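Scroll down for the structure; my scribbles are underneath it.
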Amino acid sequence: MNGRPSALPDKTKIRYRKFFAVLFFTYATIFLFPLKILPKNVPYSYALYDKTGALIGASVASDGQWRFSPGEVPDKFAQAVIVFEDKRFYYHLGVDPIAVLRAVVSNIRAGRIVSGASTLTMQTMRLLAGNKPRTFGQKCRESFLAVMAEIRLGKAKILSLYAAYAPFGGNVIGIEAASWRYFNRSPASLTWAEAATLAVLPNQPSLVHPGAHRSILLEKRNAVLHMLYEKGSIDARTLELSLAESLPAKPYPLPSDAPHYLELLKKQQPSTARFYTDLDSGLQKNLYRILERHSRALSRKGIDNAAALIIETATGKVLAYCGNTGLDGRNGTTSAVDIVQARRSSGSLLKPFLYAAMLDSGRLLPDQLVIDIPTRIGSYKPDNNVPLYRGAVPASEALSRSLNIPAVRMLREYGISHFLDYLKRCGFTTFTRSADEYGLPLILGGGEITLYEAVYAYAQLMNAACSRSGFFGEHIFPVSTGAAWLTLKALAEGVRPDDESLWRVFAGSKRIAWKTGTSNGNRDGWAIGTTEAYTVGVWFGNAEGQGRQDLQSIRTAAPVLFEIFASLPAAHWPAVPSENLKEETFCADSGYIAGRHCSRTVKGFRPAQAPQGAVCPYCTAVSFTPDGRFQADMSDMTGVYEGRFPLIQNRFVLPPAVEYYYTRFAATYKKLPPFVAGHRGGTQLQLAILFPEQGARIVIPVEIDGTAGAMIMQAAARDIGTVIYWDIDGVYLGSTQGTHTMTVRPKIGKHILTVTDSFGARRVRTFEILDAG
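Numbering (our numbering), first residue to last: 20 to 792.
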């Protein structure tokens, strides 16, 4: 004995080797061999869910099937399908030996195949393999794959795959699609009778169609219900009620409450099948009802399309999204256009951002007077929406009234290129042309925006006013808290045009910062409003761009905006951001920083970090004769005032061209009296040409009888009795007094107009007459 164990016989070694070889092969097959039965590149239906997880929209898969990606299996369906298809599902390893033995015995006795032994796992493998013919070889393959799947995937995954890929009749695949198509509810909401009905359909999908087979479907469903009762899954009362339920009738359409939003998400995330959103289904349906009601009424006026968006101001979450109306087909193919994402002329929607930008730059103060007189800049001549000129208007009022001329003059001062960069930092991505291409019309709708980006920009304006970063992330919103708060204050409290004067009736007691906009040619009607909680945007128009006379934002979009806000919970108005505002003493007449000649002053705020702003240029010391009836000529006082010193008063004095229009609306404005006869102070601010503007290029229409048309030139003098002398190109035309207008018929070409008064004041304008043909 040498102490070493004796060697194993050769036959024993061979048996061990065979055993371990089989063991290794089995292990490798089950755990290492790729399980190639899981579906790849299967087209799924896109599904849209609201904030509660409820389905509110879906679109058919690219192959025309209603098929949702695998998800959770509802318990009622799971129990029903197991008692019907595979009672020992949880006790076998993919192949049920008892079922196999039973099937063999039954088939031998019958002399033909009358019973199968397929488990749910095997059926799942067959579904995933494309429902190949049931040959013996295919059965063996399904059995092998079933064992692999049981070990590799587990029961829950197998049940989920079966529920997702089982056929339920027609183009309906899977439990989720079947639940909505046949019962118009989610799988989790199915009754026991409905779950039992769906449990038997994959075995014979044709049973769901109306006809003689319906009695077979009812019989099978009731059998499943009795099985569930015998198993103890349902009680006698539930069984009784379930047996009384009717079978499904014709299929329901799947929910389609936000089709445009679903299409948007599909484009943004094409590889995602299920979209879980922040949409509020109640709010979404209410928004569509409001929009559709107004859209139907306006369609009689040729305004066929509308869109609206509601977001949560602080977070930017989309709460309701209606990309268009007429989803019933009344508008033809235009209803498919998602207007929320469409580029449209901005109208006046950009004016608040220019106002805020100029506040932060120190070039504008909140109530500073801005000029509103006929204006021509090069070949561009803007006009207000209403053909009136106020001479000068507080900037906040110009914003709330949406006056065009002050906005254009402000943009010229701020700079188009600078403003374009500012808009991009506010979140607008649609301005892709150069500043020269846009020009000054940019502020009046010369550029295109989307409702989506505009709503987010206004929301971020409110977030800035509330001193919160909002949803901009790492990007810095360019508007300061102070400027944002002052801008929104102007939009919430400002004076509105006469046709907007009923807005308080619409808005009720809610405080909303809002802005309307109508594009050139009446092609787009906008309204956007924001509160601390919600920001809402509304658009009306025609998707194909046709303009309509009645397409005015205050009569189309604004009433809808206020109705939407009326349906939303009230929100607090942001508190005064004291740390971000600086109190100043302003001139009560001009809105500028008060100077030493400003008699009336008022306290107010400006953005704290902005430069101080300009001192009032309009209040000045004026000399009067002792009786106050005339202005005193301080350059020549000899013997005029009978030895008495003149009176010196601080007065608010506007330039003649501005004063000419300003006095029509400002009843309290005091014009300066004339100078004493034969005397005149400085001449620089006594005379102005109102029309034509400098550099104007004018087309004079031909009269009806074919004769040359005429143009009316206009000037203004501070003194009522001033005589003005007119000449063009050195040719004297005549004189005027009181009302200073002169009718002329200048020839085609460039001209020089000169006006002079008896005191030596002189003004010169160049203009060009173009061919009317």
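Virtual Cβ for every residue (Gly too), placed ideally from N, Cα, C.
As the structure is a prediction and not an experimental result, all values here were calculated from the model.
Let me check one thing: in DSSP terms, what residues is residue 572 bridge-paired to? DSSP output for residue 572 lists no bridge partner at all.
What's the C-alpha gap between residue 668 and residue 746? Rounded to the nearest angstrom, the two C-alpha atoms are 37 Å apart.
Roughly how many angstroms separate the alpha carbons of residue 711 and residue 435, rounded to a whole number? Answer to the nearest angstrom: the Cα atoms are 25 Å apart.
If you scan the stretch 350-386 from start to end, which runs of the alpha helix (DSSP H) of 4 or more residues do you find wholly inside it? Counting whole runs of 4 or more residues, the stretch 350-386 contains the alpha helix (DSSP H) stretches 370-380.
Applying the criterion that 16 or more other CB atoms from any shown protein chain within 10 Å of the CB defines a buried residue, is residue 776 buried or exposed? With a 10 Å radius around the Cβ and a threshold of 16 neighbouring Cβ atoms, residue 776 comes out buried.
Alpha carbon to alpha carbon, how far is residue 748 from residue 768? Taking the straight line from one Cα to the other gives about 11 Å.
Please determine if the stretch 376-392 and the stretch 421-430 are in contact, where contact requires at least 3 C-beta pairs separated by less than 8 Å. Touching, yes.
Under 8 Å by Cβ, that's how I've got residue 788 and residue 717 pegged, so tell me the actual separation to the nearest angstrom. Indeed, because the Cβ distance is near 6 Å, the residues count as touching under 8 Å.
Report all residues from its chain with a CB closer than 7 Å to the CB of residue 377; omit the five preceding and five following residues, and keep chain order. Around residue 377: 383, 429, 433.
Round the Cβ separation of residue 691 and residue 556 to the nearest angstrom and send it over; I've been treating them as touching at under 8 Å. Wrong, their Cβ atoms sit about 48 Å apart, outside the cutoff.
When you compare only the Cα positions, how much space is there between residue 610 and residue 677? Taking the straight line from one Cα to the other gives about 16 Å.
In chain order, what residues of the same chain lie with their CB nearer than 7 Å to the CB of residue 753, ignoring the 5 residues before and after it? Cβ within range, chain order: 745, 761.
Can you grab the Cα-Cα spacing for the pair residue 133 / residue 283, in whole Å? With a pLDDT of only 44 at residue 133, under the threshold of 50, the placement of this residue in the model should not be trusted, and no figure is reported.
Taking the alpha carbon of residue 266 as the reference point, which residue from 280, 247, 239 has its own alpha carbon closest? For residue 266, the closest alpha carbon among the candidates 280, 247, 239 is that of 239.
Helix, strand or coil: how does DSSP classify residue 14 here? Nothing can be reported for residue 14: it is not among the residues displayed for the chain, which extend from 20 to 792.
Is it buried or exposed for residue 159, if we count other Cβ within 10 angstroms and need 16 for buried? Classification for residue 159: exposed.
Within 10 Å of its beta-carbon, does residue 51 have 16 or more other beta-carbons around it, so buried, or fewer, so exposed? At residue 51 the pLDDT is 49, less than 50, meaning the model places this residue with poor confidence and gives no usable figure here.
Comparing C-alpha positions only, which one of 580, 489, 538, 292 sits nearest to residue 90? It is 292 whose Cα lies nearest to the Cα of residue 90.
In this structure, does DSSP put residue 241 in helix, strand or coil? In the three-state reduction of the DSSP assignment, residue 241 falls in the helix class.
Which same chain residues end up closer than 8 Å to residue 684 when comparing Cβ atoms and leaving out the 5 residues on each side of it in sequence? Taken in chain order, the residues that qualify are 409, 410.
Evaluate contact between the stretch 323-342 and the stretch 558-573, counting only Cβ atoms and requiring at least three cross-stretch pairs below 8 Å. Yes, they touch.
Limits of the unbroken alpha helix (DSSP H) element including residue 804: Since the first and last residues shown for the chain are 20 and 792, residue 804 lies out of range.
I believe residue 545 touches residue 366 by the beta-carbon criterion, under 8 Å. Please report the beta-carbon distance rounded to the nearest angstrom. The pair is a contact, with the Cβ atoms about 5 Å apart (cut-off 8 Å).
Any idea what DSSP makes of residue 597, helix, strand or coil? Helix at residue 597.
For residue 71, I'd like the list of residues in its chain whose CB is within less than 7 Å of its CB, leaving aside the five on either flank, ordered along the chain. So no residue of the chain qualifies.
Where does residue 606 sit, in a helix, a strand or coil, going by DSSP? In the structure shown, residue 606 falls within a strand segment according to DSSP collapsed to helix, strand and coil.
Can you give the Cα-Cα distance for residue 780 and residue 393, rounded to whole angstroms? If you take the alpha carbons of residue 780 and residue 393, they lie about 22 Å apart.
Top-ranked residue by Cα proximity to residue 104, from 169, 76, 185, 73: Closest by alpha carbon: 185.
Nearest-angstrom Cα separation, counted from residue 666 out to residue 638: Those two C-alpha atoms are separated by around 16 Å.
DSSP puts residue 638 in a beta bridge; with which residues? Its beta-bridge partners are 671.
Extent of the continuous beta strand (DSSP E) run through residue 474: Boundaries for residue 474: no beta strand (DSSP E) harbours it, while the alpha helix (DSSP H) harbouring it runs 470-484, taken from the DSSP string.
Proximity to residue 95 [Cα-Cα], best of 214, 739, 189: Considering only 214, 739, 189, the residue with the shortest C-alpha distance to residue 95 is 214.
Kindly give me the distance between the Cβ atoms of residue 626 and residue 499, rounded to whole angstroms, as I take these residues to be in contact under 8 Å. The distance from the Cβ of residue 626 to that of residue 499 is about 5 Å, consistent with a contact at the 8 Å cut-off.
Could you tell me if residue 69 is buried or exposed, where buried requires 16 or more neighbouring beta carbons within 10 angstroms of its beta carbon? Per the 10 Å Cβ criterion, buried.
Look up residue 760 in the DSSP assignment and give the residues it is bridged to. Note: residue 760 sits in a beta bridge opposite 733.
Three-state secondary structure (DSSP) at residue 341? Strand.
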